[in-house]
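K.L.:
Counting from 5, one number per residue, gives the positions in the sequence shown under my numbering.
Okay, handing you the structure first.
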Amino acid sequence: MFNNVRMPSSYRAHSGFTLLEIMVVLTIIGLMLGMATLSGGGNEQKHEAKQQALKFVAQLSAYRDEAVFQNIDLGLAMDGQSTQLLKFFDIYNPKHIEGKTSEELSKLKDIPWDTYQGSLKASIELPEQLSMSLFIEDKEFDFAELISDDGVKPAIMFLSSDEYTPFKVAINHEYDESFSIFIEGDGFSRFQMNIEQYEE
Numbered sequence: 005m006f007n008n009v010r011m012p013s014s015y016r017a018h019s020g021f022t023l024l025e026i027m028v029v030l031t032i033i034g035l036m037l038g039m040a041t042l043s044g045g046g047n048e049q050k051h052e053a054k055q056q057a058l059k060f061v062a063q064l065s066a067y068r069d070e071a072v073f074q075n076i077d078l079g080l081a082m083d084g085q086s087t088q089l090l091k092f093f094d095i096y097n098p099k100h101i102e103g104k105t106s107e108e109l110s111k112l113k114d115i116p117w118d119t120y121q122g123s124l125k126a127s128i129e130l131p132e133q134l135s136m137s138l139f140i141e142d143k144e145f146d147f148a149e150l151i152s153d154d155g156v157k158p159a160i161m162f163l164s165s166d167e168y169t170p171f172k173v174a175i176n177h178e179y180d181e182s183f184s185i186f187i188e189g190d191g192f193s194r195f196q197m198n199i200e201q202y203e204e
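Right, dumping it as structure tokens:
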């Protein structure tokens, strides 16, 4: 775990916005403008799915920025309904294992990932009527592969080098199968979001 540096309140009051805060705001604005390019429809189910997809992309962008600015490697564990942000722990780095018990260190030797403890929201929970699927290298990912007795592994990694696992996530609505929303990234560029409409 890493310790956040606390600044005196008198300094924080005049320090302005951080680069991370500005980038997150710009990302959200860009996504909202990008929604204008999505095909119309306007029904309640599609609107709900779009709003959740926008929130999801904003969180992914924040995770990517956090990995770069904090110089850490992060990973996202997922199932069809929720996500959990993880942090990579180098068991040979004293700063990484500070405060860990011998039992925790034993587990980290097998799976060097543990729950992220930081300033960002570490989990995302979709409403029960929405679900997501993950595709890696054009193959649907089996979320069961992420869970073992020793812990949870990430499906998507965000590296301190500003690279991430190429992926595609599909978000679907239980009560409207006429569309899917896709969020994807090539490992280097900004995340892209688009909607695919199916013929009824």
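Yeah, the Cβ is synthetic: ideal placement off N, Cα and C, and Gly gets one too.
Is the distance from the Cβ of VAL61 to the Cβ of PHE195 below 8 Å?
P.N.:
Position 57 of the sequence shown, counted from the start, is the residue given in the question as residue 61. Position 191 of the sequence shown, counted from the start, is the residue given in the question as residue 195. It is a contact, given that the beta carbons lie within the stated cut-off.
K.L.:
Span of the beta strand (DSSP E) holding GLN88?
P.N.:
Start at 1 with the first residue of the sequence shown, and residue 88 comes out as number 84. Per DSSP, GLN88 belongs to the beta strand (DSSP E) from 86 to 92.
K.L.:
Since ILE185 and ILE175 are thought to touch, with beta carbons under 8 Å apart, how far apart are those beta carbons, to the nearest angstrom?
P.N.:
The residue labelled residue 185 in the question sits at position 181 within the sequence shown. The residue labelled residue 175 in the question sits at position 171 within the sequence shown. Right, the Cβ-Cβ distance comes to about 4 Å (below 8 Å), so this counts as a contact.
K.L.:
Looking only at its chain, what residues have a beta carbon closer than 8 Å to the beta carbon of GLU167, apart from the 5 residues adjacent to it on each side?
P.N.:
Here residue 167 refers to the residue found at position 163 when the sequence shown is read from its first residue. Contacts found: GLY191, PHE192.
K.L.:
Could you give the C-beta distance for GLU129 and GLN63, rounded to a whole number, given that I count them as a contact under 8 Å?
P.N.:
Walking along the sequence shown from the start, residue 129 turns up at place 125. Walking along the sequence shown from the start, residue 63 turns up at place 59. GLU129 to GLN63, Cβ: 11 Å. No contact.
K.L.:
Could you give the DSSP three-state label for GLU108: helix, strand or coil?
P.N.:
Within the sequence shown, the letter at position 104 stands for residue 108. If DSSP states are grouped into helix, strand and coil, GLU108 belongs with the helices.
K.L.:
Taking the runs of the beta strand (DSSP E) that are 3 residues or longer, which of them lie wholly in the segment 103 to 184?
P.N.:
The segment 103 to 184 contains these whole beta strand (DSSP E) runs: 117 to 119, 127 to 129, 134 to 140, 160 to 162, 171 to 177.
K.L.:
Going by the CB atoms, is the gap between LYS91 and LEU78 shorter than 8 Å?
P.N.:
Position 74 of the sequence shown, counting from 1, holds the residue named residue 78. Position 87 of the sequence shown, counting from 1, holds the residue named residue 91. Against a cut-off of 8 Å, the Cβ pair of LYS91 and LEU78 comes out as a contact.
K.L.:
Can you list, in chain order, the residues of its chain whose CB lies under 6 Å from that of GLU188, leaving out five sequence neighbours each side?
P.N.:
As a working mapping, residue 188 is identified with position 184 in the sequence shown. Closer than 6 Å at the Cβ level, and outside the excluded window around GLU188, lie LYS172, GLN196.
K.L.:
Going by DSSP, name the residue or residues bridged to LEU78.
P.N.:
Counting from 1 along the sequence shown, the entry for residue 78 is found at position 74. DSSP lists LYS91, PHE162 as partners of LEU78.
K.L.:
Spatial neighbours of LYS50 within its chain, please: C-beta separation below 7 Å, excluding the five flanking residues on both sides.
P.N.:
Here the question's residue 50 lines up with position 46 in the sequence shown. Correct list, in chain order: ASP180, PHE183.
K.L.:
Express the C-alpha separation of TYR120 and GLY155 in angstroms, rounding to a whole number.
P.N.:
The residue given as residue 155 occupies position 151 in the sequence shown. The residue given as residue 120 occupies position 116 in the sequence shown. When rounded, the distance between both Cα atoms is 13 Å.
K.L.:
Using a 10 Å radius around the Cβ and a threshold of 16 neighbouring Cβ atoms, would you call ALA148 buried or exposed?
P.N.:
For this step, residue 148 is matched to residue 144 along the sequence shown. Burial call: exposed.
K.L.:
What do you get for PHE6, buried or exposed, if any count of 16 or more other CB atoms within 10 angstroms of its CB means buried?
P.N.:
Sequence index remark: in the sequence shown, residue 6 carries index 2 (1-based). Bear in mind that a pLDDT of 41 at PHE6, under 50, signals an unreliable position, so the model cannot answer this.
K.L.:
Could you pull out every residue in the same chain whose Cβ sits closer than 6 Å to the Cβ of ALA17, ignoring the five residues on either side in sequence?
P.N.:
Within the sequence shown, numbered from 1, the residue matching residue 17 stands at position 13. At ALA17 the pLDDT is 48, less than 50, meaning the model places this residue with poor confidence; the figure from the coordinates comes in the next sentence. Contacts found: none.
K.L.:
In whole angstroms, give me the CA-to-CA distance for GLY201 and GLU48.
P.N.:
Along the sequence shown, read from residue 1 onward, the residue named residue 201 stands at position 197. Along the sequence shown, read from residue 1 onward, the residue named residue 48 stands at position 44. The sequence given here has Gln at residue 201, not Gly. Their Cα atoms are separated by approximately 15 Å.
K.L.:
Quick check on the burial criterion: 16 or more other C-beta atoms within 10 angstroms. Buried or exposed for LEU109?
P.N.:
Along the sequence shown, one-based indexing puts residue 109 at 105. When all chains shown are included, LEU109 counts as exposed.
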